[in-house]
Structures are given as structure tokens and as C-alpha cells.
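Each remark here refers to the structure printed beneath this line.
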Amino acid sequence: MKIIFMGTPEPAAMTLKALIGAGHEIVLVVTQPDRKKGRGQKLSFSAVKEVALQNNLPLEQLEKVKNNKVFVSLLKSLKPEIIVVVAYGKILPKEILELPQYGCVNVHASLLPKYRGAAPVQWAILKGEKETGITIMKLDEGLDTGEIILQQKVAIEPKDTTLTLMDKLFAKGSKLLLKALQQINDGTVKLQKQNESEVTYAPLLDKEAGTIDWQKSSFAIDQRVRAMIPWPGAQTFFQGEILKIWQAKPVDFASASKPGTIVQIVKNQGFIVQAGSGALLVLEVQAAGKKRLLAYQFLIGHDVKIGETLPN
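Numbering of the sequence shown is given in numbering that gives the first Met the number 0, commencing with residue 0 and proceeding in unit increments.
Following this line, the structure appears as C-alpha cells:
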């Protein structure tokens, strides 16, 4: 099919590669402008741009798509059969949604109508879901409200982070998208309206979402740690400084200590912190301005005492 592709991060790049590999004609790639990142504020470009450059695909990087007559004229001139949108980061106006022969389709990382919004993978982990999935849907003017083309369930494993789960979802999502495009092209697609009574939302998270509340259960804290990988990272405080926790696991440990108290040092592993219920074995950390360390390595260079408290 003759496709315009719109996307930005790594999951979108994975999908674009699948479309190229399947032999679809990508007439244009649209992605976000280059951004300054990191402490050095170096200019970096999106994963989708990298794939486009590697494959010599026409590329546009836009600050805005709404009220952009030049961009709309370009799209019309390309006469796309369909526009594929994957984590592009901007809502498309009606005039673009209606432009292609078969409209616009989106790959969304949840089983819609659950977890509509910008952070469905993070929220699925935060809420302790045992499974989530991928949805191929028609785009309309709402927020993830379009008709469903295809869905596939994906299990959430106990050690899954947002990063690992995203990889699994979009590996399956890329294949599901190819199947959906085939159905659209063949005229065999069956659209299903979303059940509005089952809607839940997954709003964008900010840095504060990474803050650990030790009053919560060890399982809830573990879910937060995994949900915040790769960004913003779950964090607590140690001796007045921010300490990020990158890996931990709930453990059985009987203690009368108050939540946030370090209750045991575990040789060659890390340290156990009392939670509101249960306890958490901390396995990998990162002090402010330092590199990530396995928790037992962190213990070698820091004076960590049993009974010390990590405040909320």
C-alpha cells in the first residue's frame, strides 16, 4: 500500500521497519523535530528519523500539523492510500484524518477502550494488570476513541518494565498492523465500536510519578519501580540525597519497623526496606549525579545502616 508514516520513538521505528520489510511503499515519513537532550543538551533526532535516513525515505519534521496548509498540500500531492500513526505525539486535525483513501490507522499499546491516553503501558504496570495488549484502530478526532480493527492480548510478566513490555507489545503490534493493512486492502476488515462503559484512561506521567511512597505495599512499590523504567525512574531519598531505584523485588520479611526503614543488608544482593505491607529487596540503585550500580556495590561505598530511614 501507498503509506504516509507518522511516528517518533523507538516503538514507532520498529513499526516503520516492519512496513518497509513487508514491501509497502512509504511515500513520506513525518516525525518530531530534533530536540536537545541530556546534560550536555546535545541535539538528537528521533528513532523514526534514523530509520527514514537509513532507507532514504522522504522526511518531514514539523512543530505543528494543525492549520498547516503547506503540509496538507504536500500530503494531498502524495495521494496516500492510508496514513499509519504510531506514537507521533500530536493529534491530527480532521482535514488530515479524512485525506487518505482508507483514512488513518493507529497502533495503540493497550486493549482499548482500557487505558486511552499517552501512557498505557506505564499505567497497566502501575495498576498491577496481569495482561494488556495491542490495538490497531481507525483514528478519529477523539483521544483513542476510534473503531477497533484488530486486537491481541499480551501477558505482563512479574519482571516486566515499561521498556521490556513496550518491546513485546510493538513486536506483536507490527505484525498485527501488517495483518490489518492486508484486510483493509482486501476489503475484509471488520470494524468494532469501542464500549464506552469500559473506558479507562492513562494520562501522561511527570517526574513526580516516580516518587516512592513507602506506606504502600511492597507489590505496589515494585510496580512503580518497573513502570518508571526507562523514565523518569522511581526515586526515594537516602541521607538527604535523591536515590533512584532501578530494580527491586517484594520479599517475605517480618518486621515491626515503620515503612521506609532499612531492615536488613543482604550479602551480594542489596538491602531490604520495610513497606506499608511486606518488604522490598532493593537490587539496583543510582545516586544523584552518579552511574547506576547494583545495590551491593552501592553498599560498599556508602555507610548504610540497619534502622536508617528512607523518607517519602
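Where a beta carbon is used, it is the ideal one built from N, C-alpha and C, also for glycine.
Ser217 is positioned such that its CB atom lies closer than 8 Å to that of Ala274. In the three-state scheme derived from DSSP, where H, G and I count as helix and E and B as strand, Thr161 is classed as helix.
Per DSSP, the continuous alpha helix (DSSP H) segment holding Lys75 begins and ends at Lys68 to Leu77.
Within the DSSP secondary-structure output, Ser43 pairs in a beta bridge with Arg34. Linking Asn267 to Ile244 through their CA atoms gives a straight-line distance of about 17 Å. In the DSSP assignment, Thr134 is bridged to His107 and Gln150. Within the region 185-242, the complete alpha helix (DSSP H) runs of at least 4 residues fall at 217-226. CA-CA distance, Leu18 to Gly259, rounds to 48 Å. Counting along the chain, the unbroken alpha helix (DSSP H) around Gln296 starts and ends at Ala294 to Gly300. In this structure Thr14 touches Val85 by the C-beta definition: roughly 5 Å separates them, less than 8 Å. With contacts defined by Cβ atoms closer than 8 Å, Ile261 and Glu307 form a contacting pair. The C-alpha of Gly20 is placed about 25 Å away from the C-alpha of Leu73. Residue burial annotation: Asp33 is exposed, with fewer than 16 other C-beta atoms found within 10 angstroms of its C-beta.
For the options Asp185, Val153 and Asp205, the alpha carbon positioned closest to that of Gly172 is the one of Val153. Segment contact: the region 40-51 against the region 69-83, fewer than three CB-CB distances shorter than 8 Å; contact not assigned. Ile228 counts as buried, since no fewer than 16 other beta carbons sit within 10 angstroms of its beta carbon. Between Ile124 and Asp159 the beta-carbon gap is near 7 Å, inside 8 Å, which marks them as a contact. Linking His107 to Phe70 through their CA atoms gives a straight-line distance of about 25 Å. Excluding sequence positions up to five before and after Thr235, its CB lies within less than 7 Å of the CB of Ile211, Leu242, Ile244 and Leu309, all in the same chain and listed in chain order. Taking a cut-off of 8 Å on C-beta distances, the region 137-152 touches the region 181-190, as three or more cross pairs fall below it. Lys248 carries a strand assignment under DSSP once its states are collapsed to helix, strand and coil. Ile305 has its alpha-carbon roughly 43 Å from the corresponding atom of Phe169. Inter-residue distance for Val284 and Val120 is about 23 Å (C-alpha atoms, whole angstroms). In the DSSP annotation of this structure, the continuous segment of the alpha helix (DSSP H) that includes Val120 starts and ends at Pro119 to Leu125. Leu18: member of the alpha helix (DSSP H) spanning Glu9 to Gly20, first to last residue. Per the DSSP secondary-structure output, Leu27 pairs in a beta bridge with Ile3. Secondary-structure assignment with DSSP links Glu283 through a beta bridge to Gln246 and Leu293. Apart from the 5 residues on each side of it in sequence, Lys215 sits with its Cβ closer than 6 Å to the Cβ of Gly275 in its chain, given in chain order.
Inter-residue distance for Asn105 and Ile299 is about 49 Å (C-alpha atoms, whole angstroms). The C-beta of Gly22 has fewer than 16 other C-beta atoms within 10 Å across all chains shown, which makes the residue exposed.
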